[in-house]
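Trainee: Numbering (the working numbering), first residue to last: 3 to 456. One structure follows; several queries about it will come next.
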């Protein structure tokens with residue numbers, strides 16, 4: 003049956019759900035590996051600069067969330083400020099991205115857990131993890147938040163072990179790392195070029211992003227207008243610190259740079275050398291638990307956005323009715339959660355490369371949040387419950403970052419460029435379809451994305 007979500011969450015519970023969904027462990031152990039391969043010791047500067055930018059952009063999400071909180075996440079604010087013609091394109095993108103994002107989390111878990119369960123196909127692990135995570139995500143959100151808190155403690159412990167190992171084994175100075183970054187190329191350590199360093203910053207920014215996950219849970223927080231902005235802002239700061247600090251400490255502590263950077267998983271190799279195989283295995287178990295935690299939180303957040311889309315009547319009637327089903331006792335969006343888990347599991351069959359193609363080129367949010375805050379402030383729609391300082395500097399930086407992401411993606415003629423072209427095509431097609439609908443005399447689609455009263 004259709005219904006409303008329960009307003010039962012405290013700001014701390016929303017913060018825990020948010021940090022779990024953005025998953026510092028996933029960013030450090032998977033994203034950190036990728037940036038170490040790309041930029042070597044330049045990963046330290048990449049994660050510091052990227053973390054600072056991401057924390058700044060979290061303030062933009064905070065201002066938008068405080069003005070227009072709702073289960074739809076970002077799109078209630080975009081609709082109120084920029085109008086439905088731009089918002090519909092964003093919602094279309096989300097409908098394409100939601101299921102592959104869930105699958106990408108599950109696939110990452112399958113790959114990591116496969117090392118602990120030899121002989122078990124990683125795809126099977128991913129599918130089972132998706133089903134189990136969906137069951138937990140279907141619980142009453144208060145109870146689900148308590149489960150999340152237990153896993154989050156394990157995640158922070160794994161990061162703590164990594165950071166402590168780095169801090170107690172430092173072999174190079176921070177100044178040297180910042181001024182003279184080196185990476186492994188063609189078997190030798192070479193200076194990092196400016197272009198590669200720029201890619202490292204973009205990657206670090208992407209790894210520290212995710213404070214906006216809090217927006218999906220705003221509808222289940224009492225007095226969301228007054229409280230959600232601070233939660234989003236704190237999530238951005240916590241993400242930047244908990245992700246950048248371990249990476250920087252590891253870079254300062256790597257003894258044999260060529261050996262560690264040549265490994266498939268430099269973070270795990272560093273732990274194996276510096277702390278021993280037993281600690282490395284225990285941390286790997288913690289990483290698997292953290293990724294499962296992130297999968298649960300991601301399904302909880304994404305299912306709420308899918309629920310909001312169904313409630314707004316974006317899709318055909320029968321589909322919308324299923325997505326808008328709320329469990330009468332648990333008050334969770336059981337219809338959207340079930341659909342998300344089923345289609346997310348189906349997306350596992352696309353494989354890692356195709357999933358990466360779909361999820362890696364999303365640059366639109368930087369432009370949209372920057373434009374929305376500038377337009378919203380100009381028309382007096384924003385800044386009443388939470389205000390970004392130094393306006394309009396931060397939104398202009400976000401728009402510039404969007405342009406930087408486009409340039410970085412365009413330089414990769416493989417996955418990134420194709421992903422960007424795919425998502426841009428979807429956005430353009432949705433925009434044109436919505437314009438054609440209006441020209442035919444039909445009303446714009448109502449994309450309120452929230453049932454919170456103004």
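Glycine included, each C-beta is placed from N, C-alpha and C at the ideal position.
Around the C-beta of residue 442, are 16 or more other C-beta atoms found within 10 angstroms, so that it is buried, or is it exposed?
Mentor: For the purposes of this step, residue 442 is taken as the residue at position 440 of the chain shown. With fewer than 16 Cβ atoms within 10 Å of its Cβ, residue 442 is classed as exposed.
Trainee: Based on DSSP bridge pairs, tell me the residues matched to residue 185.
Mentor: As a working mapping, residue 185 is identified with position 183 in the chain shown. For residue 185, which the question treats as bridged, DSSP gives the partners 192.
Trainee: Let me know the secondary structure DSSP gives residue 327 once reduced to three states.
Mentor: Sequence index remark: in the chain shown, residue 327 carries index 325 (1-based). Residue 327 falls in the strand class under three-state DSSP.
Trainee: Ignore the nearest five residues each way along the sequence and tell me which others in residue 147's own chain have a CB closer than 7 Å to its CB.
Mentor: Position 145 of the chain shown holds residue 147. 11, 15, 18 and 19.
Trainee: Taking the alpha carbon of residue 323 as the point to measure from, which residue in 332, 284 and 313 has its own alpha carbon closest?
Mentor: Residue 323 sits at position 321 when you count from the first residue of the chain shown. That would be 313, whose Cα lies nearest to the Cα of residue 323.
Trainee: Flag this pair as touching only if the region 37 to 57 and the region 280 to 290 have three or more C-beta atom pairs under 8 Å; answer yes or no.
Mentor: No contact exists between the region 37 to 57 and the region 280 to 290.
Trainee: Three-state secondary structure (DSSP) at residue 383?
Mentor: Residue mapping note: residue 383 aligns to position 381 of the chain shown, counting from 1. DSSP places residue 383 in coil when its eight states are reduced to three.
Trainee: Using a threshold of 8 Å, state whether the C-beta atoms of residue 365 and residue 401 are closer than that.
Mentor: The sequence position of residue 365 within the chain shown is 363, counting from 1. The sequence position of residue 401 within the chain shown is 399, counting from 1. Against a cut-off of 8 Å, the Cβ pair of residue 401 and residue 365 comes out as no contact.
Trainee: Assuming residue 64 and residue 212 are in contact, meaning their beta carbons sit under 8 Å apart, how far apart are those beta carbons, in whole angstroms?
Mentor: The residue you call residue 64 lines up with position 62 of the chain shown. The residue you call residue 212 lines up with position 210 of the chain shown. With a Cβ gap of about 13 Å, residue 64 and residue 212 do not count as contacting.
Trainee: Do the region 27 to 44 and the region 150 to 166 meet, that is, are 3 or more Cβ pairs less than 8 Å apart?
Mentor: Taking 8 Å as the limit for Cβ pairs, the verdict is that the region 150 to 166 does touch the region 27 to 44.
Trainee: If you run the structure through DSSP and keep just helix, strand and coil, what is residue 342?
Mentor: Reading the chain shown from its first residue, position 340 is the one you call residue 342. Looking at residue 342 - three-state DSSP - the assignment turns out to be helix.
Trainee: Quick one: give me the first and last residue of the alpha helix (DSSP H) that residue 259 is part of.
Mentor: To locate residue 259, count along the chain shown from 1; it is residue 257. Per DSSP, residue 259 belongs to the alpha helix (DSSP H) from 259 to 264.
Trainee: Taking the C-alpha atoms as reference points, what is the distance between residue 250 and residue 449?
Mentor: Taking the first residue of the chain shown as position 1, residue 250 is located at position 248. Taking the first residue of the chain shown as position 1, residue 449 is located at position 447. The alpha-carbon atoms of residue 250 and residue 449 are separated by roughly 42 Å.
Trainee: Hey, would you say residue 62 sits closer than 8 Å to residue 172, going by beta carbons?
Mentor: Residue 62 sits at position 60 when you count from the first residue of the chain shown. Residue 172 sits at position 170 when you count from the first residue of the chain shown. No, they are not a contact pair.
Trainee: Per DSSP, residue 223 is paired with what?
Mentor: Position 221 of the chain shown, counting from 1, holds the residue named residue 223. According to DSSP, which records beta bridges pairwise, residue 223 is partnered with 11.
Trainee: On the three-state DSSP scale, how would you describe residue 115?
Mentor: Residue 115 sits at position 113 when you count from the first residue of the chain shown. Three-state result, residue 115: helix.
Trainee: By alpha-carbon positions, which one of 291, 92 and 67 ends up nearest to residue 152?
Mentor: Along the chain shown, read from residue 1 onward, the residue named residue 152 stands at position 150. Selected option, being the one with the closest Cα: 291.
Trainee: Can you give me the Cβ contacts of residue 276 inside the same chain, cut-off strictly under 7 Å, excluding the 5 residues immediately before and after it?
Mentor: Within the chain shown, the letter at position 274 stands for residue 276. Hits under 7 Å: 167, 171 and 255.
Trainee: Could you check what DSSP says for residue 62 in three-state terms: helix, strand or coil?
Mentor: For the purposes of this step, residue 62 is identified with residue 60 of the chain shown, where counting begins at 1. Residue state, collapsed to three classes: helix.
Trainee: Please name the residue, chosen from 141, 380, 326 and 77, that lies closest to residue 214 on a Cα-to-Cα basis.
Mentor: Walking along the chain shown from the start, residue 214 turns up at place 212. Per the Cα distances, 77.
Trainee: Give the secondary structure of residue 142 by DSSP, where H, G and I count as helix, E and B as strand, and everything else as coil.
Mentor: Within the chain shown, residue 142 is the residue found at index 140, counting from 1. Three-state DSSP puts residue 142 in coil, outside helix and strand.
Trainee: By how many angstroms is the C-alpha of residue 446 removed from the C-alpha of residue 440?
Mentor: Along the chain shown, read from residue 1 onward, the residue named residue 440 stands at position 438. Along the chain shown, read from residue 1 onward, the residue named residue 446 stands at position 444. Each residue's alpha carbon lies about 6 Å from the other.
Trainee: What first and last residue would you give for the alpha helix (DSSP H) that runs through residue 268?
Mentor: Taking the chain shown and counting its residues from 1, one reaches residue 268 at position 266. Taken as a continuous stretch (DSSP letters only), the alpha helix (DSSP H) holding residue 268 covers 268 to 277.
Trainee: Would you report the Cα separation of residue 95 and residue 430, rounded to the nearest angstrom?
Mentor: The residue given as residue 95 occupies position 93 in the chain shown. The residue given as residue 430 occupies position 428 in the chain shown. One C-alpha to the other measures close to 10 Å.
Trainee: Tell me the DSSP secondary structure of residue 356 in three-state form.
Mentor: For this step, residue 356 is matched to residue 354 along the chain shown. Three-state DSSP puts residue 356 in a helix.
Trainee: Using beta-carbon positions only, say whether residue 73 and residue 413 come within less than 8 Å of one another.
Mentor: In the chain shown, counting from the first residue as 1, residue 73 sits at position 71. In the chain shown, counting from the first residue as 1, residue 413 sits at position 411. Cβ distance not < 8 Å, so residue 73 and residue 413 don't count as in contact.
Trainee: To which residues of the same chain is residue 218 closer than 7 Å at the C-beta, ignoring the five residues directly before and after it?
Mentor: Position 216 of the chain shown holds residue 218. Around residue 218: 73, 75, 303, 306 and 307.
Trainee: Indicate the three-state DSSP secondary structure (helix, strand or coil) for residue 393 in the structure shown.
Mentor: What you label residue 393 is simply residue 391 of the chain shown in a count that begins at 1. If DSSP states are grouped into helix, strand and coil, residue 393 belongs with coil.
Trainee: Going by CA-CA distance only, name the one from 43, 88, 311 and 110 that's closest to residue 353.
Mentor: Taking the first residue of the chain shown as position 1, residue 353 is located at position 351. For residue 353, the nearest C-alpha among the options comes from 110.
Trainee: Which first and last residues belong to the alpha helix (DSSP H) in which residue 40 is found?
Mentor: Numbered from its first residue, the chain shown carries residue 40 at position 38. From DSSP, the alpha helix (DSSP H) with residue 40 extends over 34 to 41.
Trainee: Counting Cβ pairs, one atom from each stretch, are 3 or more of them under 8 Å apart for the region 259 to 268 and the region 128 to 142?
Mentor: The region 259 to 268, when compared against the region 128 to 142, does not touch it at the 8 Å Cβ threshold.
Trainee: Pick from 47, 139 and 208: whose alpha carbon is nearest that of residue 33?
Mentor: Start at 1 with the first residue of the chain shown, and residue 33 comes out as number 31. Residue 33 has its Cα closest to that of 208, out of 47, 139 and 208.
Trainee: Run through DSSP, which three-state label would residue 309 get?
Mentor: Position 307 of the chain shown, counted from the first residue, corresponds to residue 309. Helix, per DSSP.
Trainee: Tell me the residue span of the alpha helix (DSSP H) that contains residue 77.
Mentor: Counting from one through the chain shown, the residue named residue 77 turns up at place 75. Residue 77 -> alpha helix (DSSP H) spans 77 to 84.
Trainee: Here's the rule: buried if 16 or more other CB atoms are within 10 angstroms of the residue's CB, otherwise exposed. What is residue 229?
Mentor: Within the chain shown, numbered from 1, the residue matching residue 229 stands at position 227. When all chains shown are included, residue 229 counts as buried.
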